[in-house]
């Protein structure tokens, strides 16, 4: 929290959040659903929760649930009712042909589009997102993250919305299964990206361009099993003039990627950090219109918009560098135990 607080002026208090990996070891084999229930008053929020609970019991085996602990003394704006559930899929009929992950994605999309005032904002195993309206350090205090959780990977974001409303679901990170995304920039291709992803069953309901990046990462990396090096060339491809100067094999590959995945090109300035189980990935647009700094110290790997925030928590660094535009930088966990 001290690192993101050091970049306080990058946000305006209208959204902040964290993703943490490895925080639920006692339930590591179950999907951890984080739900927010909105409404004009506590009765409306409880009513939304009741509707969701009925759906949950029909589609999942519930292992444990509770309201996510929080500090009511922290000044945050109009908090929803935030609950967590640890669940296992209960597939029926043709659903048994689906993988567990595909089943969960299908149900998450149903919840977020069909159950009024209920939003799944985190759905992976042994990880969770915590976010809301406020500065990120305020959200961290609200959910008591420094007191209650230990994680092997943290990502965090402070929001400065420019063309969408500030609400709890619109804060970063955006998450689906174990993939989380924090994003600095503006995706002008949102409409085209959204249209393409909807053909694959992804429903964009949270009113911000970052949502499409999270779903694109899930589609390309989990469902289609593409390596991050190719995913980067889809999201931030080289310009055609550069492709023309490549050798024949590279030219064929990059041309095919641009043709097949043209609707997933992320047009506009961006830098993103993608979190996954045992992995953290940084990527910028090809001409680096948004900053990203990478660093290492011993076995620790850092990514940030500013070097200053990294040095605040690790003053001495072994290496510091600026990743090339359009090229991913990846940190992987050596030991998951």
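Numbering (our numbering), first residue to last: 90 to 426. Each residue gets a CB set at the ideal place from its N, CA and C atoms; glycine is no exception.
Inter-residue spacing [alpha-carbon to alpha-carbon] between residue i and residue j
i	j	result
residue 298	residue 254	12 Å
residue 191	residue 184	9 Å
residue 135	residue 163	22 Å
residue 189	residue 265	13 Å
residue 169	residue 207	10 Å
residue 223	residue 181	41 Å
residue 378	residue 256	26 Å
residue 262	residue 214	16 Å
residue 91	residue 233	14 Å
residue 311	residue 93	29 Å
residue 123	residue 201	12 Å
residue 380	residue 369	17 Å
residue 341	residue 158	53 Å
Simplified DSSP assignment, three categories, for residue i
i	result
residue 412	coil
residue 339	helix
residue 221	strand
residue 72	The question about residue 72 has no answer, for the chain in this structure spans 90 to 426.
residue 292	coil
residue 101	coil
residue 238	coil
Neighbourhood of residue i by C-beta, 6 Å cutoff - its chain only, sequence neighbours within 5 removed
i	result
residue 366	267
residue 325	374, 375, 415
Candidates the options, of which the one nearest residue i by Cα
i	options	result
residue 128	91, 109, 212, 204	204
residue 392	232, 98, 420	420
residue 226	208, 308, 247, 206	247
residue 141	199, 116, 305, 105	199
residue 98	381, 394, 124, 187	394
residue 353	381, 306, 330	306
residue 219	368, 386, 108, 350	108
residue 364	244, 197, 334, 350	244
residue 175	165, 150, 230	150
residue 413	382, 242, 351, 221	382
residue 405	386, 166, 336, 418	386
residue 105	130, 337, 138, 272	272
residue 372	340, 283, 322	322
residue 287	195, 235, 238	195
residue 171	292, 290, 217, 409	217
residue 116	231, 137, 95, 212	212
Per-residue burial, residue i [other beta carbons within 10 Å of its own, 16 or more giving buried]
i	result
residue 160	exposed
residue 398	buried
residue 375	buried
residue 389	exposed
residue 125	buried
residue 269	buried
residue 143	exposed
residue 146	exposed
Cutoff 8 Å; reference residue i; Cβ partners in own chain excluding five residues on either side
i	result
residue 277	356, 357
residue 423	388
residue 68	A question about residue 68 goes unanswered here, because the residues of the chain that appear run from 90 up to 426.
residue 279	298, 301
Cβ-based neighbour list, residue i, same chain, cut-off 7 Å, excluding 5 preceding and 5 following
i	result
residue 178	149, 189, 192, 193
CB contact below 8 Å: residue i versus chain C
i	result
residue 348	The structure shown has no chain C; it contains just one protein chain.
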